[in-house]
Each structure stands twice: as structure tokens, then as C-alpha cells.
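> Numbered per mature numbering (1 follows the signal peptide of the UniProt record, and there is no 0), the sequence shown spans residues -24 to -1, 1 to 516.
Backbone N, C-alpha and C define an ideal beta-carbon position, used for all residues, glycine too.
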Amino acid sequence: MGHFSVLSLVLGSLALSSIFGIHAESPYKYYTWTVTYATIYPGNFPPQTGIVVNGQFPGPTIEVNTNDNLIVTIINQLDEPFLMTWNGIWQRKNSWQDGVLGTNCPIPPGQNYTYTMQVKDQIGTYMYFPSTLMHRASGGFGAINVYKRSVIPLPYPQPDGEHSFLVGDWYKTDHKVLQNRLDNGDAMPMPDGLLINGLQNFSTDRVYTGEAGKTYLFRVANVGIMTSINFRIQGHTMKLVEVEGSHVLQEIYESLDVHPGQSLTFLVTFNGAIKDYYIVASSRFTRPTLTTTATLHYEGSNITVSGPAPSPPAFEVHGSMKQARSFRRNLTANAARPNPQGSFRYGEINITRTLVLANSAEKVNNKLLYGVNGVSYVNPTTPLKLADYYNIPGVFDINTSRDNPTPGPMVQGTTVYGLALHDFVEIVFQNNEATTQSWHLDGYNFFVVAYGSNQWSPVSRKNYNLVDAISRSTVQVFRNSWTAVLASLDNKGMWNLRSAIWHRQYLGQQVYLRVWNDETSLTTEYDIPPNALKCGKATI
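Here it is in C-alpha cells:
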């Protein structure tokens, strides 16, 4: 990449503002990241080859304010095509920047791509990670912390500081070996352990410090690929304040569950004796339980952590589901804009379409595949978004999507749901398997209105929370259970709805939502970016 003069940088910013409809008064944050392989040292795991961003594992933290514009150039120095996705960051009217194979051609080795986005009307704790192949199993992830604008009051006193935690499962095995195992039809093995900010079981190497009597904001994101995690702090409670951009009723918890792809924020008051305490992350529904620790250090303490680390919750689902139901929006608090979160009365909107999506696992030609309603997703060589924009036939057919579970053997296909801009959609995730699932929808937050056991039916709607359900982009579905969400489809584009359990996504457990109207206008969707990569039939 060449060097830009000050003049060309200003002109480039103005051009981007014009092309993408970005308001000139919103600040710009520029990042240039080189993605490479490097030897990493994840705690007491053996040294291994990992994916690093600018030499860092985990990658650099993005810290921005609401409405800031992000210009992120990714230079791919891997030996495989690569994409980065921005988990929970809404690409308002701009699915071109989503960073998944349905919307973007991957960045070829040795080349680069510049993402142009705005964190429009958002605050909260989010993350980024690779979306291609099984790259995520070897790193490339990092935190995105979006702060409020000065005109937005917090619904709690200003904290005295903050700490960020990227927690997740980890493998000693290289991602290429894991991918080859999946491609050969074998099941995904259990993780070898857990990491906190890139280290395992090194509580003295990961120390988070504060002063007695003060209160700190803790940001926690599960960047792992398959394991639900419980987070807790010895001798301290946690006051939950925000979940993926939504302020919540501030309940007190002894521990908090964070499922794959999820993030949350809570307050911790240092009100204990002046000494050190365990910070513990453990797997929620695995046998044996995987555990890793860090240290909460009081300034002035010369007493190291001692005694057993606090035990994890019971293995059963009931307690975790009860906790999930306790997450409710604070209707009187502002979010990223100075209007109360409860001003959008989602419970009074008529549902225009219901999708009941059942996850499944099945052998097809002796290869284990995962699917949705009996269809295992196959990525076409031409991204769906490009095919839609250029009217390229034969890439996808919205008439083949299945709104309900369908009996019969699993098939392979490219599932795209055709939906109208401003539809109000009910999505029911039906899980008939014995493992807890996690689902993420790009480009949106949805209202999590109910969790239930066994089979969902229309009668289940009588138990929906239609007043103060939490609004988030990633939701868990407990084993042999269902989860219902409501989504207001006000963001035109092609949006990925996927399993956040990464090997399931890789092997077909995902679909796309085509949110569309026939208006061609920058007020509903930005135009194709001038630097868009072309591949497949879009190059003809």
C-alpha cells in the first residue's frame, strides 16, 4: 500500500462520505491490520502456530464512540483466502461490509481489502473474528468496545475504570488439521482447554487491578467456537448493566453464562478484604469441566490468591435458562440515542412471517453435515450479495427455502429467505439435540421473547415477553428446547443467520435473509463500494 498525502486522505474521506452516506461530523478511525501466521504461546499450552493481527494474539482492541466511522484495511498474508466479520456491529444499510462469504469475496493471499463502516446508534461490548474456513480456531479475533457519546447519560454511575475479557475454548491442534478432520467426515473433538485473553491457567500473568471501594466495568465476550462458558469472581458479585448494546435491569449475579458469540458488561465493586482473588472461566455444559483463571488484584495487596477457586454452577440446564429469562431491558434507560429503549413497542407489532428453524446433524455420503430444516448450506462461488446486485441467475432461489422443519433425508443447498423491508418476523430456533446451541444474526438485534423446553407450538406464544425482552444479536438454545425471537427487518441487505458454534456453521448450519424492496436509493441501502472484490460469476 502506498503512502497518502494529507490532501488525498481528506479527499478520500470526503469521497467515502459521499459514497456511503456517512455524516461528515462523525469522526473517522483508521486501522491497518496485517493478518499473518506466527508462533503463539497460549499459557501452558505448547507453542503453536496461530493467526495474529499486527503480530498480536488476541488482536488489537477497537475502541470507538457511537457513530464513529471505521476504516479498517486488512492485508492478508496467510496462504488462504480470508475475511473478517464484525460480530454484533450493525452494518446499517451496508451488508457489503459484513465480511462473510455470502456478501463478500474473500481477500486472496497477498492482497488487501478496506472495510468502511459506521457504528451507527450502538454502544456496548462486541468482537471481531475470521469468518472463513476454520481460521477462527487459531486466532485472529479481538474486542470491539463502543462507548457512548457525551450527550447520552449512563443508567449507572461512571465506573472508576474498566477491564476487557476475551474468553473462549482452545485447541492445541492447528485449524487446518481440524478442518481436514471435518472435511473427512469426522466429528469435531472436544476443546483442550479455555483461554482468558490468550492465556490459560496463568492467574499471575493475567492480573486485573483496582482500588478498594471503587467500582469497575467488566466487558466479557465469548470468542470460542463451541463452548458455553460461566464467568465468576471469587468473593465478589456482578451487577449486569448491558448485553450486546442493550441496557438491562441491573440484577446481581454470583456468576454469568456467556455462550459462543455472546458478550455482556457488568459492574464489580471492590468491596472485599485487600488481597487477590480468582477470576474464573469454566465450561458450562461439558464433562469434564474445563477451567481457566486470572487474578483480581487489589492495589496494596501482598496476599496472593488462595483457597479453591469458586465452583461452577450445576451441570443442569434449568439454572442457566432461569438466568437467561432474568435478562430484561431497562425501558427507562437510553441506549445509543437519547430516547428511552422502551419507546419501540415491539409487542404491539403484527407478525408478518414465522420461521421455525430446526438444527440437525446427519451423515450425507459418509460425511457428517449440519443443517437447518433438513438443508445443509453450501457457499456458492459467487457471493449472494453480488449475484443479487448484478441479477446473476443460478446462484440462489428464494423459493426453495423451508419455513418449517421438513421430514426426510438431509439435502445440500443454498438457503436464502426472501423477506420484505420492514417485515416483522418471528424466528423460532428449535433444538432437538442434546447439546446447547447458539445462533447469531448479522445486521440486526432481535428481541428474545421466550425460552422453552421440548417442542415449540403456536400455543407457546402466550408465554412471550412482549414488554421488556432483551434485544441482542446472539442467542442460546438449550438442549432439547427452543428459543423464540422477534426481529424488525428495517435493514435492507443480504444477512447471514448462522450457528455460532463454528464447525456447525462450516458444515452447513446457516442461512441468509434477503431483506429487500424495489426502491433503489441510498436512504435504504448503500451502493456497491468501489473497492468491492469480484469473484465467481461476478467476474464474467
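Touch check for the segment 46 to 66 and the segment 82 to 92: three-plus C-beta pairs under 8 Å?
The segment 46 to 66 is in contact with the segment 82 to 92.
> Do you know offhand how far L243's Cα is from Y192's?
For L243 and Y192, the distance between alpha carbons rounds to 6 Å.
> So C81 and P359 are in contact, right, with Cβ under 8 Å, and what is the actual spacing, rounded?
Yes, they are in contact, since the Cβ atoms of C81 and P359 sit about 6 Å apart, within 8 Å.
> Jot down the residue ranges of each uninterrupted alpha helix (DSSP H) in the segment 294 to 322, minimum 4 residues, whole runs only, in chain order.
Runs of the alpha helix (DSSP H) inside the segment 294 to 322: 294 to 301.
> Determine the direct distance from the alpha carbon of M214 to that of G144, and round the result to whole angstroms.
G144 and M214: Cα-Cα distance of roughly 20 Å.
> Which whole-angstrom value is the C-beta distance of G237 and A463, which I expect to be below 8 Å?
Contact doesn't hold; Cβ gap of about 16 Å is too wide.
> To the nearest angstrom, how far is it from the Cα of G137 to the Cα of G118?
Near 20 Å, if we compare the C-alpha coordinates of G118 and G137.
> So the candidates are E39, Y17 and D44; which of them puts its Cα closest to the Cα of Q32?
Measuring from the Cα of Q32, the nearest candidate turns out to be Y17.
> Give a yes or no on whether the C-beta atoms belonging to R455 and T412 are separated by under 7 Å.
Taking 7 Å as the Cβ cut-off, R455 and T412 qualify as a contacting pair.
> Counting only the same chain and skipping the five closest in sequence on each side, list residues whose C-beta sits under 8 Å from that of W432.
These residues qualify, in order along the chain: V332, V404, Q406, W458 and A460.
> Would P356 and V371 be called neighbours here (beta carbons separated by less than 7 Å)?
Yes; because the gap between Cβ atoms is below 7 Å, this pair is in contact.
> Could you check if R263 is buried or exposed, using at least 16 other CB atoms within 10 Å of its CB as the buried criterion?
R263 is exposed by the Cβ-count criterion.
> In its own chain, which residues sit with a C-beta less than 6 Å from the C-beta of D74, not counting the 5 before and 5 after it?
If we look at D74 and ignore the five residues flanking it on each side, its Cβ neighbours are Q67 and D418.
> Tell me which same chain residues have a C-beta within less than 8 Å of the C-beta of Y482, skipping the five on either side of it?
So the list reads L109, M110, Q155 and L158, once near-sequence residues are dropped.
> Buried or exposed: which applies to T268, given that a residue is buried once 16 or more other Cβ atoms fall within 10 Å of its Cβ?
Buried is the call here.
> In terms of residue numbering, what span does the beta strand (DSSP E) encompassing K152 cover?
Element bounds for K152: not the beta strand (DSSP E) but the alpha helix (DSSP H), H151 to D159.
> Can you give the beta carbon distance from S302 to E227, rounded, assuming they're within the 8 Å contact cut?
Confirmed, about 6 Å.
> Going by the CB atoms, is the gap between Y123 and N173 shorter than 7 Å?
No, the Cβ-Cβ distance between N173 and Y123 is not below 7 Å.
> Taking the beta strand (DSSP E) that W146 belongs to, which residues open and close that run?
Unbroken beta strand (DSSP E) run through W146: E138 to W146.
> Measure the Cβ-Cβ separation of residue 526 and K361 and say whether it is below 7 Å.
No statement about residue 526 is possible, as the shown extent of the chain runs from -24 to 516 and does not include it.
> Kindly provide the ranges of any alpha helix (DSSP H) runs that are 4 or more residues long and lie completely inside the segment 2 to 34, ordered along the chain.
The qualifying runs do not exist here; there are none.
> Examine the Cβ distances between the segment 269 to 287 and the segment 204 to 214 and report whether three or more of them are shorter than 8 Å.
Yes: at least three Cβ pairs fall under 8 Å.
> Measuring only the C-alpha atoms, how far is V425 from K438?
So the two alpha carbons sit approximately 11 Å from each other.
> Helix, strand or coil for A396 per DSSP?
Note: A396 maps to strand in three-state DSSP.
> Among S497, G186, L442 and A14, whose alpha-carbon lies nearest the alpha-carbon of Y322?
That would be L442, whose Cα lies nearest to the Cα of Y322.
> Leaving out five residues on either side along the sequence, give the residues of the same chain with a beta carbon under 6 Å from the beta carbon of L397.
For L397, where only same-chain residues beyond five positions count, the Cβ hits under 6 Å are K468, V491 and N493.
> The alpha helix (DSSP H) that contains Y365, what's its start and end?
Counting along the chain, the alpha helix (DSSP H) containing Y365 begins and ends at L360 to Y365.
> Can you list, in chain order, the residues of its chain whose CB lies under 8 Å from that of Q299, leaving out five sequence neighbours each side?
Y229, L232 and D233, listed in sequence order.
> Excluding five sequence neighbours on each side, which residues of the same chain lie with their C-beta closer than 8 Å to the C-beta of M386?
Counting only Cβ-Cβ distances below 8 Å, and skipping sequence neighbours, we find S336, E338, V340, L345, G347, G350, V351 and S352.
> Around the Cβ of D252, are there at least 16 other Cβ atoms within 10 angstroms (buried) or fewer (exposed)?
Its Cβ being crowded by 16 or more others within 10 Å, D252 is buried.
> Please state the DSSP three-state secondary structure of P434.
Helix.
> Between which two residues does the beta strand (DSSP E) carrying Y89 extend?
Element bounds for Y89: N88 to Q94.
> With a threshold of 7 Å on Cβ separation, who are the neighbours of I279 within its own chain once the five nearest residues in sequence on each side are excluded?
Counting only Cβ-Cβ distances below 7 Å, and skipping sequence neighbours, we find K251 and D252.
> H416 lies in the beta strand (DSSP E); which residues open and close that run?
Its beta strand (DSSP E) spans residues Q413 to L417.
> What residue range does the beta strand (DSSP E) around H111 cover?
No beta strand (DSSP E) holds H111; DSSP gives it neither H nor E.
> With distances taken Cα to Cα, identify the nearest neighbour of K69 among L465, N507, I516 and V487.
Ranking L465, N507, I516 and V487 by Cα distance to K69 puts L465 first.
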